[in-house]
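All remarks here apply to the structure that follows.
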Ligand code: WTA
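Numbering (UniProt numbering), first residue to last: 1 to 571.
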């Protein structure tokens with residue numbers, strides 16, 4: 001399998017000449033696609049929605065094809081434009097202005113997308129939160145960003161510790177409920193009364209657009225801050241990598257609480273004016289296949305864990321569906337196993353194109369392009385306009401075929417412009433003009449990049465990024481837990497699962513009920529996806545002399561690897 005290469009099929013791909021484009025492309029060349037090239041002022045909501053609503057030939061085109069158990073709806077560009085204008089008016093009425101942080105905490109729904117564009121139209125910075133977050137996770141993010149308003153549903157409200165969030169002035173509730181507090185605003189009532197015309201806030205290219213909180217190996221989640229100019233990269237990668245064409249029906253399976261769900265679940269498809277499928281509800285193989293077939297999806301962007309689950313569901317199931325509309329498949333978020341690519345060729349008669357990027361990078365950087373050869377197991381090559389390399393710990397480039405830290409020449413359009421409230425964290429990403437990713441990788445002589453793993457302790461479970469520190473902090477809040485060390489344990493389906501090593505407080509005895517109780521505690525206070533699937537009780541947790549938990553050592557124990565120099569260890 002290793003060196004098997006899959007050539008491109010014939011096709012009218014948007015980017016056909018990689019080498020030539022790479023040699024000549026400059027980001028400025030893409031400015032002409034946007035109105036701001038002439039006016040100097042920008043708003044991503046205009047370019048993604050209003051521009052298509054103003055154009056008589058696209059105004060009534062379906063932008064959003066939404067389905068969830070019990071709800072099916074479609075909205076045109078004209079409708080999203082008008083509805084998000086209304087919502088922007090609601091926000092203005094309650095004092096929202098440019099630069100305010102307005103957060104969204106709700107399941108995928110038409111209201112989510114309307115609210116998101118309403119926020120952006122006022123010039124405020126949007127902060128989407130994953131709907132599975134529990135109280136601690138919600139508090140950390142709203143506190144750090146000093147969010148002024150939150151849009152949520154009555155069901156999720158109990159996870160918002162309002163008394164502890166002094167800057168949170170109002171909560172907009174999407175759903176029927178009795179309004180009992182002057183703090184609450186009823187979404188539907190307000191929308192009914194609001195005007196559908198709104199004077200969009202024109203921004204500078206470098207003005208704030210979005211904050212996505214994400215996890216590192218230490219400390220609380222970081223607010224990764226993006227600006228409106230990022231759109232140029234969403235657009236260009238939508239063209240080259242997603243290979244979007246006017247008549248495509250596109251489906252990105254990611255939740256907008258994570259960066260893939262905004263950059264590629266919202267912006268890239270709508271900047272291109274294509275019909276965007278949003279599927280709510282839980283994953284099942286039948287449901288996903290059904291969605292692909294029912295909407296005649298042509299371009300599909302998903303993740304390795306989901307693909308592996310489809311592989312496990314078996315080939316017979318695939319054969320019961322008609323996937324003739326599918327033209328282009330892509331994957332992101334975790335290493336894509338060569339076996340899955342092989343399966344994709346059989347199941348769909350298509351290649352699956354791996355793409356690499358991060359919350360911090362804002363958009364795809366290293367990709368498999370449709371017109372290029374796929375080398376299964378490789379993330380592909382940098383897109384034109386991006387310089388990628390492998391560096392050592394000092395930030396010096398190292399030759400091909402040697403492992404090191406994957407680095408990108410700083411300054412690409414969609415790069416984060418800061419870490420909210422944390423300038424030193426932001427600076428720590430850069431060395432010698434390189435953005436250093438923390439992913440270990442090597443590059444072969446032909447410029448293909450091969451992912452090896454994380455260099456820090458960040459866990460990637462089912463493509464979701466989890467910080468061990470957050471889980472450890474929550475674990476030790478449980479009365480039975482004295483100390484905790486958390487690692488990612490390799491798992492054939494989920495990439496990694498979360499494994500916790502704990503010591504118990506005096507008076508507590510290990511039992512399966514106790515361990516389940518501890519698991520539930522993390523699940524209900526932090527988030528379901530952050531709860532350890534495995535918990536192992538130890539007599540002590542290895543720490544350095546300075547008291548840092550040695551997760552590396554825990555991992556070596558788990559994997560049965562040699563443990564190396566332990567001279568700083570204190571067990
Ligand atoms: C990992 C998701 C292997 C990587 C867009 C990175 C990948 C982290 C790939 C970012 C890939 C992402 N192959 N690993 N194609 N894509 N990763 O911020 O470790 O949620 O640093 O962004 O996911 O995760 P994040």
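Built from N, CA and C at the ideal position, the CB exists for glycine as well.
Everything numeric in this text was worked out from a predicted model, so none of it was measured.
Please identify the residue among the options whose C-alpha is closest to the C-alpha of residue i.
i, options, result
"residue 297", "65, 399 and 31", "65"
"residue 278", "284, 272 and 291", "291"
"residue 255", "248, 320 and 104", "104"
"residue 300", "361, 235 and 253", "253"
"residue 121", "37, 198 and 148", "198"
"residue 274", "283, 281, 264 and 535", "264"
"residue 409", "76, 397, 418 and 51", "397"
"residue 325", "248, 460 and 124", "248"
"residue 415", "421, 403 and 430", "430"
"residue 440", "447, 451, 75 and 433", "451"
"residue 347", "367, 365 and 310", "310"
"residue 368", "51, 184 and 328", "328"
"residue 227", "119, 427 and 211", "211"
"residue 129", "118, 151, 506 and 114", "151"
"residue 45", "4, 269 and 22", "269"
Which value, in whole angstroms, describes the spacing of the CA atoms of residue i and residue j?
i, j, result
"residue 385", "residue 233", "10 Å"
"residue 520", "residue 127", "27 Å"
"residue 2", "residue 376", "Bear in mind that the predicted position of residue 2 carries a pLDDT of just 47, short of 50, making it unreliable; the figure below should be weighed with that in mind. About 7 Å."
"residue 30", "residue 481", "55 Å"
"residue 251", "residue 139", "31 Å"
"residue 571", "residue 438", "Reliability of the predicted coordinates at residue 571 is poor, the pLDDT of 45 falling under 50, and no value is obtained from them."
"residue 336", "residue 39", "42 Å"
"residue 285", "residue 406", "34 Å"
"residue 26", "residue 238", "16 Å"
"residue 133", "residue 102", "17 Å"
"residue 540", "residue 483", "8 Å"
"residue 267", "residue 231", "7 Å"
"residue 471", "residue 487", "10 Å"
"residue 362", "residue 209", "12 Å"
"residue 163", "residue 143", "11 Å"
"residue 182", "residue 90", "15 Å"
"residue 490", "residue 462", "11 Å"
Under a Cβ-count criterion, where at least 16 other Cβ atoms within 10 Å of its own Cβ denotes burial, should residue i be classed as buried or exposed?
i, result
"residue 141", "buried"
"residue 20", "exposed"
"residue 559", "exposed"
"residue 528", "exposed"
"residue 353", "buried"
"residue 229", "buried"
"residue 159", "buried"
"residue 413", "buried"
"residue 509", "exposed"
"residue 188", "exposed"
"residue 580", "Only positions 1 to 571 of the chain appear in the structure, and residue 580 is not among them; the question remains open."
"residue 98", "exposed"
"residue 366", "buried"
"residue 314", "exposed"
"residue 100", "buried"
"residue 243", "buried"
"residue 492", "exposed"
"residue 378", "buried"
"residue 10", "exposed"
"residue 305", "buried"
Would you check whether ligand 1 has a heavy atom nearer than 7 Å to the C-beta of residue i?
i, result
"residue 440", "no"
"residue 333", "yes"
"residue 437", "yes"
"residue 454", "yes"
"residue 336", "yes"
"residue 259", "yes"
"residue 393", "no"
"residue 403", "no"
"residue 356", "yes"
"residue 379", "yes"
"residue 465", "yes"
"residue 368", "no"
"residue 218", "no"
"residue 451", "yes"
So what does residue i bridge to, in DSSP terms?
i, result
"residue 491", "495"
"residue 67", "72 and 279"
"residue 454", "439"
"residue 300", "251 and 329"
"residue 354", "331"
Would the C-beta of residue i count as close to ligand 2, meaning under 7 Å from any of its heavy atoms?
i, result
"residue 395", "Ligand 2 is not part of this structure, which contains only ligand 1."
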